[in-house]
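Participant:
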Amino acid sequence: MHIDAWFATPIYNGEIVPTKEQKNKIERYFYKYTQENGDKIFIGNSLNITGDVTGQHQISELEEFEWINEHLYGHIDNYLRAIGVNTSNYKFYIQKSWPVICDEGGGVAPHAHMNAHLSAVFYIRCGPDNGGDIIFGSSPDHPLNVLPVHIPNTNVKYTPTENQLLIFPSSLRHQVTEFYGKDFRFSISYDIMITTHININSDSESDVSNPDLWVSLGD
Ligand SMILES: [Fe+2]
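Start counting at 1 in the sequence shown, then tack on 4, and there's your number in the numbering used here.
#1: Residue ranges of each beta strand (DSSP E) run of no fewer than 3 residues wholly in the region 37-122, ordered along the chain?
#2: Given a cut-off of 7 Å, decide if S101 and I53 are closer than it, judged by their beta-carbon atoms.
#3: For I98 versus Y194, is the C-beta distance shorter than 7 Å?
#4: Under DSSP, the beta strand (DSSP E) around F172 begins and ends at which residues?
#5: Taking the beta strand (DSSP E) that I198 falls in, what are its first and last residues?
#6: Roughly how many angstroms separate the alpha carbons of A12 and I196, rounded to a whole number?
#7: Ignore the nearest five residues each way along the sequence and tell me which others in G55's own chain have a CB closer than 6 Å to its CB.
#8: Helix, strand or coil for E19? Go by DSSP, reduced to three states.
#9: Using the three-state DSSP reduction, which class does K186 fall into: helix, strand or coil?
#10: Who pairs with A124 in a beta bridge, going by DSSP?
#11: Just curious, the beta strand (DSSP E) that H146 is in, first and last residue?
#12: Taking just the CA atoms, how far does Y33 sit from Q60?
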């Protein structure tokens, strides 16, 4: 007898290594952003600054971060090919990207990014013994979660390391545990859209068409 465990949720665990100069530029940006937005650090109950609610929605456009985009593209391509997707049929877009700064005592409550297809997090500055772990939880309608029994652990925890890149389906619920570090924890969050190319296939029933094909309504 054995048990077949099907329908796994793939989480991509990779790495992007900056040069010393790239790393310095990014850290300088983060410290400056923290200084400029320090008054917004108490958001909800968390000691965090998250760019998506403090006005920095597209960090990938900035010179300090632009070089990451090509790496991210390669990793997303790897991720989807590893799960059997013919990636030549699709285009990927960074819909949003923003800095996340955790101060001592900070954390992020469980949430999902329902506005996107894939999400990614790239860790710039973190320590292994400082908390700030990311925990992924299986969906409430997962077949195991609707059984009337207690299952000890349906969550999975990653203790982030510097330069680590995680990619996951945006609908996957996740949270960040309390951060205990004395200095800040820096990471970048990405929301990715997967669309067709501009030359759309004749059968595009389940696809999101390329934004260049969209027709705007209103002003
Ligand atoms: Fe998130």
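Quick reminder that beta carbons are idealized off the backbone N, C-alpha and C, glycines included.
Facilitator: Short version:
#1: 50-54, 94-106, 112-115
#2: no
#3: yes
#4: 168-173
#5: 189-200
#6: 21 Å
#7: W102, P103
#8: strand
#9: coil
#10: I171, Y194
#11: From DSSP, H146 is part of no beta strand (DSSP E); its letter is neither H nor E.
#12: 12 Å
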